[in-house]
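Each remark here refers to the structure printed beneath this line.
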Amino acid sequence: MQTSLKAIFDNYASKKSIFKNKKAITISYNPDELPHREKEINTIASILAPSIRGEKPSNIFIYGKPGTGKTAVVSYVTKNLVEISKDKKIKIVYINCKMRKVADTEYRLLAQLTREFGEDVPATGLPTDHIYNMFFNAIDKTEQTIIIILDEIDVLVDKIGDGFLYNLTRVNEDLKNSQVCVIGISNNLSFTNEIDPRVKSSLSEEEMIFSPYNATQLQDILRRRMSIVFNENVIDEGVIEKCAALAAQEHGDARRALDLLRVAAEIAERNGSEKVKEEHVDKAESKIDKDRILEAVKTQPRQSQAVLWSILKVKEEEVYTGDIYNIYEKVCLENGIKPLTQRRVSDLISELDLLGIINAKVISKGRYGRTRIVKLNLQEQLVNKIREILVSQYYFQ
DNA sequence: AGTCCACAGGAAGGGCAGGCGA
DNA sequence: TCGCCTGCCCTTCCTGTGGACT
5 MQTSLKAIFD NYASKKSIFK NKKAITISYN PDELPHREKE INTIASILAP SIRGEKPSNI
65 FIYGKPGTGK TAVVSYVTKN LVEISKDKKI KIVYINCKMR KVADTEYRLL AQLTREFGED
125 VPATGLPTDH IYNMFFNAID KTEQTIIIIL DEIDVLVDKI GDGFLYNLTR VNEDLKNSQV
185 CVIGISNNLS FTNEIDPRVK SSLSEEEMIF SPYNATQLQD ILRRRMSIVF NENVIDEGVI
245 EKCAALAAQE HGDARRALDL LRVAAEIAER NGSEKVKEEH VDKAESKIDK DRILEAVKTQ
305 PRQSQAVLWS ILKVKEEEVY TGDIYNIYEK VCLENGIKPL TQRRVSDLIS ELDLLGIINA
365 KVISKGRYGR TRIVKLNLQE QLVNKIREIL VSQYYFQ
């Protein structure tokens, strides 16, 4: 082993770890308590309670911004519900509609749901009405109250329309032995305006809005989690406050607050510090943003990357759409890419703006037309990283 | 007040790939 | 297996726009 490597490992092994239970600060961790969501927990529990007596609970539609505890609260309540009613025959089915290859199409979603009841469904090939029958029969055979949780339901409706929800919310009319309750969860507050009013009224028998956490509540959440995740006295004063304040600035996102704390602790540990300090939170914030941007750059299609490469080639601080297009045409020529039209490039520029990679603003230059002014608001170091990615992925020159 | 520039951005439709379903 | 359908990416055509210039 190289001596430098040995030094790194030895150093790591000899240091006291900051983390006591690192798993408890990851996305997949289900906490035993959900502070500041008592009201929501009680409401959902009382809506679902009839299922213990074998009655059908009302469908629930929940919406709120990301990181407001929607999924955590629902899984907390349903987990407890199943535990309490061990022999009462309640089955929970959770589907995250954002998962690819699970809820991309009506067929896949139905196949996934049917498999939850032990049925063997081919990945493709069956007519949709056939699989609907399989699904209904499978449910009815169980003689249970089925609670189907559709997380990120807005993504599902975007992809496959609301026909599926219409059928699902009416399934009870055809069932003899079982009953189905649907819990829809959405980040998009205007989602219900986009669906059929009949679906809307049956899905939203009960409607709930999860409001964002404020900075004080976020601090409390972090403090309670802190004792599970970290060893004693490793979090410096002001760290929790800073993480909470930064996350509250966004939209009261608890996930963001926990991420900040986790990344800050990882940075502290990597730097050999025995304590997590405020400066680590600053570094964590810029690392999270940096990672997000680099990830976005990596996953862009080639044409979009060519547009970005053209923007990076500009020496001036600001450029206009027309200039970018001229450079882009040259870049295409040099790299053997078929150039897109200006109309399309204009859309790609707005997409890059939406991703936060560039900053584009529509301005008017009076006699000299209306255009977009484009700036790169990134640190030199990050720009260099982006260049490296573009060169290594597509050999741009 | 009217003109004009350089686009923004909406609408419609073509082409293609991949998935569906009989 | 193969025709059909759908979604995505893209082009073409078009109207709209803010403000400098005349």
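With the numbering used here, letter number 242 in the first sequence gets 246, and the count goes up by one each step, no holes. Ideal placement from N, C-alpha and C gives every residue a C-beta, glycine not left out.
Asked                                                                                                                                                                        : Found
Leaving aside the five residues before and after A269 along the sequence, list all residues of the same chain whose C-beta is less than 6 Å from its C-beta, in chain order. : I22, V280
Ends of the alpha helix (DSSP H) at Q326?                                                                                                                                    : Reading off the sequence shown, one finds Gly at residue 326, where the question assumed Gln. 325-339 is the span of the alpha helix (DSSP H), which, as asked, contains G326.
Any idea which residues DSSP pairs I153 with across the strands?                                                                                                             : Y98, I187
Taking DSSP as the reference, what is the three-state secondary structure of V86?                                                                                            : helix
Could you please give the first and the last residue of the uninterrupted beta strand (DSSP E) stretch that includes F400?                                                   : First-last for F400: undefined, no H or E at that position.
At which residues does the alpha helix (DSSP H) containing I271 begin and terminate?                                                                                         : 258-274
How long is the line joining the alpha carbons of R228 and Y399, rounded to whole angstroms?                                                                                 : 49 Å
Measure the alpha-carbon distance for N181 versus C247 and round it to whole angstroms.                                                                                      : 50 Å
Since I331 and K317 are thought to touch, with beta carbons under 8 Å apart, how far apart are those beta carbons, to the nearest angstrom?                                  : 6 Å
Which residues in the same chain as I99 place their Cβ atom closer than 8 Å to its Cβ, once the five residues preceding and following it in sequence are excluded?           : V106, A107, L113, Q116, L117, I152, I153, L154, D155
Just to confirm my understanding: we take I362, look at its own chain, exclude 5 residues before and 5 after, and list those with CB closer than 8 Å. What are they?         : L312, I315, I353, L356, V378, K379, L380, N381
Going by C-alpha distance, which of N275, S206, E299, Q307 is nearest R348?                                                                                                  : Q307
Thinking just about the alpha-carbon of each residue, which of L265, K69, T303 is nearest to the one in A288?                                                                : L265
Pick out whichever of V267, N237, Y217 has its Cα sitting closest to the Cα of A249.                                                                                         : Y217
What residue range is occupied by the uninterrupted alpha helix (DSSP H) comprising A249?                                                                                    : 243-254
Mind reading off the beta-carbon distance from E209 to N63? Whole number of angstroms is fine, and I expect it under 8 Å.                                                    : 5 Å
Hey, could you find the ends of the beta strand (DSSP E) T375 is sitting in?                                                                                                 : 374-379
Rounding to the nearest angstrom, what Cα-Cα distance links D14 and I232 in this structure?                                                                                  : 27 Å
From I187 to T173, what distance separates their C-alpha atoms?                                                                                                              : 10 Å
Whose C-beta lies closer than 6 Å to the C-beta of A310 among residues of the same chain, with five residues either side of it excluded?                                     : V335, I341
Taking C-alpha atoms, which residue in M138, A11, V301, A219 lies nearest to L358?                                                                                           : V301
With 16 as the cutoff for other CB atoms within 10 Å, does P61 come out buried or exposed?                                                                                   : buried
Pull up the distance between the alpha-carbon of E123 and that of Q148, whole angstroms please.                                                                              : 16 Å
With F121 as the anchor, note down where its beta strand (DSSP E) starts and where it stops.                                                                                 : Counting along the chain, F121 falls outside any beta strand (DSSP E), and DSSP gives it neither H nor E.
Since N363 sits in a beta bridge, which residues does DSSP pair it with?                                                                                                     : K379
Following the continuous beta strand (DSSP E) through E210, name the residue where it begins and the one where it ends.                                                      : 210-214
Straight-line CA distance for L262 to S215?                                                                                                                                  : 18 Å
Given that a residue counts as buried once 16 or more other Cβ atoms are within 10 Å of its Cβ, and exposed if not, what is T30?                                             : exposed
Three Cβ pairs or more, each shorter than 8 Å: is that satisfied between the region 271-279 and the region 51-59?                                                            : no
With respect to the alpha helix (DSSP H) encompassing Y170, which residues constitute its N-terminal and C-terminal limits?                                                  : 167-173
Going by the C-beta, is Q148 closer than 6 Å to any heavy atom of the ligand MN?                                                                                             : By its list of ligands, the structure shown contains no ligand whatsoever, and the ligand MN lies outside what it can speak to.
Buried or exposed, going by whether 16 or more other CB atoms sit within 10 Å of the CB of T325?                                                                             : buried
At what residue ranges does the region 34-80 contain a whole run of the beta strand (DSSP E), taking only runs of 3 or more?                                                 : 64-68
I'd like to know whether the C-beta atoms of I157 and S206 end up nearer to each other than 7 Å.                                                                             : no
Using beta-carbon positions only, say whether I4 and V77 come within less than 7 Å of one another.                                                                           : It is not possible to answer for residue 4, since the shown part of the chain is limited to 5 through 401.
Using 10 angstroms around the beta-carbon of A11, count the other beta-carbons present and answer buried if the total reaches 16, otherwise exposed.                         : exposed
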